[in-house]
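Novice: Can you keep this structure in mind? I'll have questions shortly.
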Amino acid sequence: MKPEFKEAVKLHKQGHTAEEISDEIGVSRATAYRWIETYKGSLALAGSNGEYEEEELEETHAEDSALDQPSLSGIEKANELKERELSIIERRDFVEKEKTKRSILKEFKSLLSGIKEYASGFRWGHKEVSDVALKVEELEESLQEVFEFDDNEMCHNSACQIVGILKDEFNHLVDSGAEYSFRFDWSHEKLNMLDFGLSIGSLDNNEFDLENYVRQGAWNRFVKFTDGLRSRSGESVSNSDVSVIQKSVGDLIERLSVDDSGIEGEFDEELALLEDIKHYLEELAVRISENIWRSKRFVLPEEISEKIDELIENNQGE
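When the sequence shown is numbered by this note's numbering, its final residue is 1200 and no position is left out of the sequence of numbers.
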């Protein structure tokens, strides 16, 4: 039997109230009152006039204390029910999220399929480009929501990466202006990207190689530029023609120099060659300015042509 309970009974026999007992032994008034009532009830059951045996009083108090505590089996059952309820909620949330993912994947593939159908040889108006740009942004928002804006998860996710590429592509075209139309002739790496996106079976796919995509795009752009440059060999060019070529060289240098795509340092030889081309163009512009006809024949120096051949041959052999 708790000493406090015995003390409460003792104080009650001395005529103290529940409030006084509560203050005296440091328990709540409700507890003091219940102990007094328990004691009185025990006396009534025993037919006692107030002299109750301590052993019987202890047994009665033990029973009363047991009523104050929830049974262990009751707690276990309550916990089990709570766990079962949480499990059902988690399972329901998982099912709903998977349904949403399947719906977004379907939308993703539908968009890629439509783009691919008109990505080679078709002319797009500014409105068509703007409509696709809007759809891409809406799809990006859906992906952000389903992945709960987790940047770490999204930066490795195939669909998120592909949608990011498409967003940049179409927003760039939209910014060109409403008066423009665009003849689509997408490069191999872009078409391969679309094919990869159409092949994935789950929105959780993380197999798209973004670094390789950027690497291939940069290399293909370099090859296309140098092919175009050599095709002009022997042409008569003005300073305005040279300015256009210089801008293309500058854009390509910037593309090959990006340090946030995983290809930094991989195109050092190509960049060195482009610097040589820049110097040649600067010298050509000076000679054109000095020429009475304000034009000169465009002829790449032999060492530059040989270096282009060497780089392309080495790349094909890798």
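Even for Gly, the Cβ is constructed at its ideal location relative to N, Cα and C.
Please confirm whether residue 1068 and residue 1001 have their CB atoms less than 7 angstroms apart.
Specialist: Less than 7 angstroms separates the beta-carbon of residue 1068 from that of residue 1001.
Novice: Taking the beta strand (DSSP E) that residue 1101 belongs to, which residues open and close that run?
Specialist: Looking at the DSSP string, residue 1101 is not in any beta strand (DSSP E); the run it does join, the alpha helix (DSSP H), is 1092-1113.
Novice: Alpha carbon to alpha carbon, how far is residue 967 from residue 1096? Give it in angstroms, no decimals.
Specialist: Rounded to whole angstroms, the gap between the alpha carbons of residue 1096 and residue 967 is 48 angstroms.
Novice: What are the residues that DSSP puts in a beta bridge with residue 1119?
Specialist: 1178, per the DSSP bridge assignment.
Novice: What three-state label does DSSP hand residue 897 in the structure shown?
Specialist: The answer is coil: DSSP assigns residue 897 none of H, G, I, E or B.
Novice: Count the other CB atoms within 10 Å of the CB of residue 1167; is the residue buried (16 or more) or exposed (fewer)?
Specialist: Classification for residue 1167: buried.
Novice: Short check: CB of residue 1015 to CB of residue 1085, under 7 angstroms?
Specialist: The answer is no: Cβ separation not under 7 angstroms.
Novice: Just tell me which of 983, 887 and 1162 has its CA closest to the CA of residue 1087.
Specialist: 983
Novice: Quick one: which unbroken beta strand (DSSP E) runs of 3-plus residues sit fully inside the region 1010-1073? Chain order, please.
Specialist: 1063-1067
Novice: Under a three-way DSSP split, which group does residue 1004 fall into?
Specialist: strand
Novice: What are the boundary residues of the alpha helix (DSSP H) that residue 1168 is part of?
Specialist: Looking at the DSSP string, the run of the alpha helix (DSSP H) that includes residue 1168 is 1150-1172.
Novice: Taking 6 angstroms as the cut-off, is the beta-carbon of residue 1048 closer than that to any non-hydrogen atom of the ligand HEM?
Specialist: Among the components of this structure there are no ligands whatsoever, and the ligand HEM is therefore not found.
Novice: How about residue 1139 and residue 1177: are their beta carbons less than 7 angstroms apart?
Specialist: no
Novice: If you draw a straight line from the C-alpha of residue 986 to the C-alpha of residue 1049, how long is it?
Specialist: 16 angstroms
Novice: Are residue 1103 and residue 1065 close, meaning C-beta to C-beta below 7 angstroms?
Specialist: no
Novice: In chain order, what residues of the same chain lie with their CB nearer than 6 angstroms to the CB of residue 1035, ignoring the 5 residues before and after it?
Specialist: Within the same chain, residue 1035 has close Cβ partners 1029.
Novice: Do three or more CB pairs link the region 890-898 to the region 910-922 at distances below 8 angstroms?
Specialist: Yes, since at least three Cβ pairs between the region 890-898 and the region 910-922 fall closer than 8 angstroms, the two stretches touch.
Novice: According to DSSP, is residue 930 part of a helix, a strand, or is it coil?
Specialist: Because residue 930 carries a pLDDT of 48, less than 50, the predicted location of this residue cannot be relied on, and no value is offered for it.
Novice: According to the neighbour-count rule (16 or more other Cβ atoms, all chains shown, within 10 Å of its Cβ), is residue 950 buried or exposed?
Specialist: In this prediction, residue 950 scores a pLDDT of 48, lower than 50, which makes its location untrustworthy; the coordinate-derived value is nonetheless stated afterwards. Exposed is the call here.
Novice: Could you tell me the alpha carbon to alpha carbon distance between residue 1051 and residue 1043, rounded to whole angstroms?
Specialist: Those two C-alpha atoms are separated by around 13 angstroms.
Novice: Find out if the Cβ-Cβ distance for the pair residue 1158, residue 1186 is shorter than 7 angstroms.
Specialist: With respect to residue 1186, residue 1158 sits close: the two C-beta atoms are nearer than 7 angstroms.
Novice: Within 10 angstroms of its Cβ, does residue 1099 collect 16 or more other Cβ (buried), or is it exposed?
Specialist: buried
Novice: Does DSSP put residue 886 in a helix, a strand or coil?
Specialist: helix
Novice: Taking the straight line between their C-alpha atoms, what separation do you get for residue 1083 and residue 1181?
Specialist: Cα-Cα distance, rounded: 51 angstroms.
Novice: Taking buried to mean at least 16 other C-beta atoms within 10 Å of its own C-beta, is residue 1126 buried or exposed?
Specialist: Counting Cβ neighbours within 10 Å, residue 1126 comes out exposed, since fewer than 16 surround it.
Novice: Assign residue 1086 to one of three DSSP states: helix, strand, or coil.
Specialist: coil
Novice: Going by beta carbon distance, what residues of the same chain come within less than 7 angstroms of residue 1236, once the five residues before and after it are set aside?
Specialist: For the chain, the structure presents residues 883 to 1200; residue 1236 sits outside this window and is missing.
Novice: Out of curiosity, what's the CA-to-CA distance linking residue 907 and residue 886?
Specialist: 7 angstroms
Novice: Quick one: residues in its chain with C-beta nearer than 7 angstroms to the C-beta of residue 1174, no 5 flanking neighbours on either side, listed in chain order?
Specialist: none
Novice: Please state whether DSSP places residue 938 in a helix, a strand or coil.
Specialist: Low confidence applies here, because residue 938 scores a pLDDT of 45, under 50, leaving its location unreliable and the question unanswered by this model.
Novice: Between the C-alpha atoms of residue 1195 and residue 1106, what's the straight-line distance to the nearest angstrom?
Specialist: 15 angstroms
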